[in-house]
Amino acid sequence: MSIHRYAVNVTPKPGILDPQGRAVEGSLGHLGIEGVSAIRVGRRVEMTVDAADEAAARAVVERLAAELLANPLIEAYAIESIGGIA
Amino acid sequence: MTVAERSVEPLHRRLGLTDDELDAIVDRVGGRDPNDLELAMFSVMWSEHCSYKSSKPLLRTLPTAGEGVVAGPGENAGVISIGDGLAVAFKIESHNHPSAVEPYQGAATGVGGILRDIFTMGARPIAVLDALRFGDPGDARTRHLVDGVVRGVGGYGNCVGVPTVGGELVFDPSYIGNPLVNVMAIGLLEEHRLTLASAPGPGNLVVLFGSTTGRDGIGGASVLASATFTHDDPSKRPSVQVGDPFAEKLLIEASLELIERGLVEGLQDLGAGGITCATSETADRAGTGIAIDLDAIPRREPDMEPFEVLISESQERMCAAVRPDRWEEVREVCERWGLPVAIIGRVTDDGDLSVTSAGHELARIPARALTSDAIVHERAGSAPPHRRAAPAPGVSIDPSDRLPERGMDPGAVLLALLGSANLASRRPIFEQYDSTVGADTVAGPGRGAAVLRVRGTTRALVASTDGNQAVGALDPYLGAALSVAEATRNVSITGARPLGVTNCLNYGDPTRPEAFWQLQEGVRGLADACRALGVPVTGGNVSLYNESPGGAIAPTAEIGVVGLLEDVALLVGPAFVAEGDEILLIGEVTPGLSGSAYAALAGAAVEDGPPGLDLAREAALQAGIREAIARGLVASAQDVSGGGLAVALAEAAVWSGLGATTRVAVANSPAVELFGESPSRIVVTCQPRFAPALTLLARQHGLSVEPLGTVGGDRLVIELAGAGATGAAEERGSRIADALEVPVAALRHAWDHGLPRALGWED
Amino acid sequence: MPVRIGVVVFPGSNCDRDTIHALALAGAEPVELWHEQASLDGVAAVVLPGGFAYGDYLRAGVIARFSPVMRAVAAFAGDGGLVLGICNGFQVLAEAGLVPGALLRNRKLRFLGREVRIAAERLDTPFTHALGSRGPLRMPIAHGEGCYFADPATLDALELEGRVLFRYVDGDGAAAAEDDRFANPNGSLRAIAGVLNDAGNVAGLMPHPERASEPILGSDQGAAIIRSLVESAAIAANAAPAAVGTR
């Protein structure tokens, strides 16, 4: 068994309206920030997984991301390894 | 279907158009073949949803004329005058299918869509009611849908700042694969600001404002996309519409300011059919045409195809006809509210909807061909071979109504009913809604009709939504008529006069003769009931194809009613008011337990039917109670509906914390007396000194009155007396059955905890 | 002449009209202050109303704090001006650091719209002096992020300095326990429903007194909070409020 750390980044799929991103973008003027566009707001979920090996751990995270963390109709996700602990 | 097979299927069929419909399209565009873009526009506009092609002939039979009606069916919402230069706008609409796919966004955009229908008319939205129907509450998928839909309704309505003041939550196995999300909205306007959805005045500008246009909700027309995309990139596939209530709030304020300042000649919201629908409808209504400059439409995404731009259902958008000299002011208003705004075309006098991009004309279709001259199908309906009919009103109670309660403790039955998923408190749902924003809510969700005061006047608006799918499944005519009777009754028992009816007709696939027959019968029931009760139908929506692999839904005519209470100080509620008040039952019990909550719990005898409805008696009842309330005789008035008389009394007790001691004369069957749901009955309480006058007044209206007992104590007691009383006491030689006697605290407990338990929410 | 009280209108404010109505009932002359204006037009007090300013996206109140009008409000508060934040307005004040603490998501992670009871801890503030007693006040809450949070040291300091303005109370009128899901439905620490800044001129509360300002609405027990503000503002502006207490 080995222990792995992952992060799942969940973001609105391209083309899906992202009201949060738009609202953040709309406030940039008040802060005097220029040159920033295409803001998309998502969630990052970090976790520790205890599994037989790296492949098994990733499979668990994959399933968790697809079935729970992201709404497949409107959200995309990306899994990121943030280090393994032997 | 394989890719090869799909490619030989002609485009119109892949867009959902039949060969006959294609012929009709060719006919309407002057005998030529429409190009792909035009075909896509037709496919959306000739969909059932936009064209009402199956239901139009039926809807023409509805009574639409009535006192004070300023705008009726065909407009975005019905509008009825309420005096002092004010008018109320209201409408109910379905968002069933999107909610089945993505419950949160489906419900949220449903709220957004119906709110736009209201403020498009120049009315400020003041209330939302949500009528929700789902399958078995114990089912995991159902629980997911309930949670998502309720969060969606709340998430949108709460943010926009329109209170959700009422509605329904009903569970019925027939909705298991196809929930119903019907949302009603109410708005208030100064009558002279009434704005219609038309684009008059050739030369005027067509202005689009609100959110930018993306690839939302392309729906059936997505076949065009898969035809054009070389590799099938899922991220480019048309997708669920996402609601942005913040943008909607800005849209409300900007739209109302534009109207108030007289800056627009006509206004239309964008819903199904997107820009195609909004422009063709407004042009057709004004007898004009519109030339769209495709390149001027602000987009959210690059590389959008023309058809995607024209039929996109991106939310929170409005389309206005604007005089050129007012454009600068219109732009200033939109920009101040932070909304993108653009001139996307001009009003013309040629009657055509034309689309141009980079100097090339991409489409030209007579506007009316897309809207008022869309195809109409005369469908055939046929009744199923076996069905149960309601007993005629006044038929004496047959002994076969004796139902399995013999030997059952009626108190236990009452507690089971009060705690059942369909009758228990809806607090866990409506607590997730803001029901008081606007500071006009006099009576919010949870206890009968919603009441909103009209600021600056003594008046109040009273609203209720009701549907009866259980009876509708047995007799779709009766189900629809009962729904009208109950919704208007709920308004009348507050003292208010029902002004008008809006309806959401939820039925199955109209190409199936039985489903179409259900729709025919539903419309007939709706029309008969509205005529008998003297209320006009001012608009609504038809949702067909409510079917899933498990079958079709029970036919559901969801009825929304708005009423006017002249003096809010005279408002009467359903809860008991004071110890010592007398309790009267106005109206007669009629036989039939089928379709009742009791039957769902205990089972109904096979030879039984649902109770009948006598519309003349219903009209007399409502007129009688309104007069009694206006004369100040009534302390409380509670409708007898789901769960029957026993549940009506129990609710009045729970809501007041006061018990009651009553005695019910039983003609034949205690089950019918206690738990039967025969309509046209109300439980009324009054101060003892008013009882004689109230009784006399009811009799003058031809209504029967039965004194039931007295308000007081901490228990609900119902004794059964008469020939039909049954039970242990009877066996001991008494003619009085064992009394039903339950502490109010126990009733309250059952009522409070029923829904969380059914949904598995109890923690 | 009635005292002029500003009501800030952010895009997404949705209690501005209700607040204006309640202020007018209490005898004030309400003045709308648009979020992009940098001046407060000489008002005697400012109310930040409820709603979803800028959609409440990202975090309730966070975007609003950067608006031009909030710079003016902060300066006004710094000079001792009276500022009341209601619901979303409280969230904006907390994000802007004008009152201590933060408003977290409700304990059950759901929006909650229902009636609560709160009681004032002090009757000697510009926001409570017209209450007359510390008895419970019935009024609605309607929020998704109303769970008051601050670190223990801050909480202790607030208690010590008398800056807990309102607490959720139970049926007996006693301060609700933190885990009393009925009386303290959002799970606020120490059942705090409203707080004061250190100078005592800026207050925020989650419940909606403006929605409980007339008997027809089921409760008029919030009216005295509004009236307190109007009277205090009038004193501050050295102008007499007209027809205070009418409805």
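Chains as they are written, first to last, in the working numbering: chain H, 1 to 86; chain R, 87 to 849; chain Y, 850 to 1096. The beta-carbon is built from N, C-alpha and C at its ideal position, and this holds for glycine as well.
- Note that the C-beta distance between Leu619(R) and Gly608(R) is not below 8 Å.
- Scanning the segment 128-179 of chain R from its first residue to its last, the whole alpha helix (DSSP H) runs of 4-plus residues come out as 134-137 and 142-145.
- Residue range Val427 to Thr434 is occupied by the beta strand (DSSP E) that includes Ile430(R).
- Proximity of Ala913(Y) to chain R, defined by a Cβ-Cβ separation below 8 Å, is not satisfied.
- Taking a cut-off of 8 Å for Cβ pairs, the segment 167-186 of chain R and the segment 493-508 of chain R do not touch, as fewer than three such pairs fall below it.
- Annotation for Glu792(R): the continuous beta strand (DSSP E) segment containing it runs Val791 to Val797.
- For His446(R), there is no enclosing alpha helix (DSSP H); the residue is found in the beta strand (DSSP E) stretching over His446 to Pro452.
- Here Val267(R) is near Leu218(R), since their CB atoms are less than 8 Å apart.
- The residue from Val537(R), Leu744(R), Leu783(R) and Arg775(R) with its alpha-carbon nearest to that of Val830(R) is Leu744(R).
- Following the DSSP letters along the chain, one finds Thr11(H) inside the beta strand (DSSP E) bounded by residues Ser2 to Pro12.
- Closer than 8 Å to the CB of Pro898(Y) there is not a single CB belonging to chain H.
- A contact is defined here as three or more CB-CB pairs under 8 Å, and the segment 347-354 of chain R fails this definition with respect to the segment 184-193 of chain R.
- Residues of the segment 55-78 of chain H that bring their beta carbon within less than 8 Å of a beta carbon in chain R comprise Asn71, Leu73, Ile74 and Ala76, in sequence order.
- The Cβ neighbour count for Pro756(R), taken over all protein chains shown within 10 Å, is at least 16; the residue is labelled buried.
- Here Val857(Y) is not near Ala1082(Y), since their CB atoms are 8 Å or more apart.
- Counting other Cβ atoms within 10 Å of its Cβ, Val256(R) reaches 16 or more and is therefore classed as buried.
- For Ala23(H), the C-beta contacts it makes with chain R under 8 Å involve Phe332, in order along the chain.
- According to the DSSP secondary-structure assignment, Asp379(R) is paired through a beta bridge with Thr442(R).
- Runs of beta strand (DSSP E) with 3 or more residues, each lying fully within the segment 866-938 of chain Y, are found at 878-883, 894-897 and 931-935, listed in chain order.
- The Cβ-Cβ distance between Leu780(R) and Ala714(R) falls below 8 Å.
- In chain order, Leu17 make up the part of chain H whose C-beta sits under 7 Å from the C-beta of Asp302(R).
- For Glu387(R), the residues of chain H that pass the 7 Å Cβ criterion are Gly15, in the order they occur in the chain.
- In this structure, the beta-carbon distance from Ser297(R) to Leu630(R) does not fall below 8 Å.
- A Cβ-Cβ separation of about 6 Å places Gly673(R) in contact with Leu789(R) under the 8 Å criterion.
- A straight-line Cα-Cα distance of about 16 Å links Ala738(R) and Arg575(R).
- A check of alpha carbon separations from Leu687(R) across Val675(R), Glu254(R) and Gly762(R) identifies Gly762(R) as the nearest.
- Between Ile79(H) and Glu54(H), the C-beta gap is not smaller than 8 Å, which leaves the two residues out of contact.
- Separation of the CB atoms of Phe939(Y) and Ala969(Y) is rounded to 15 Å, and the pair is thereby denied contact status at 8 Å.
- Non-local C-beta neighbours of Tyr563(R) in its own chain, meaning closer than 6 Å and more than five positions away in sequence, comprise Glu607, Arg610 and Gly611, ordered along the chain.
- Here Asp459(R) is not near Arg450(R), since their CB atoms are 8 Å or more apart.
- For Ser916(Y), the chain H residues whose Cβ falls inside 9 Å of its Cβ are Ser27 and His30, in order along the chain.
- One alpha carbon belongs to Arg118(R), the other to Val24(H), and they sit about 50 Å apart.
- Proximity of Gly927(Y) to chain H, defined by a Cβ-Cβ separation below 8 Å, is not satisfied.
- Taken in chain order, the whole beta strand (DSSP E) runs of length 3 or more contained in the segment 529-601 of chain R are 536-539, 546-552 and 583-592.
- Under the 8 Å Cβ criterion, the segment 887-902 of chain Y counts as touching the segment 919-928 of chain Y, having at least three qualifying pairs.
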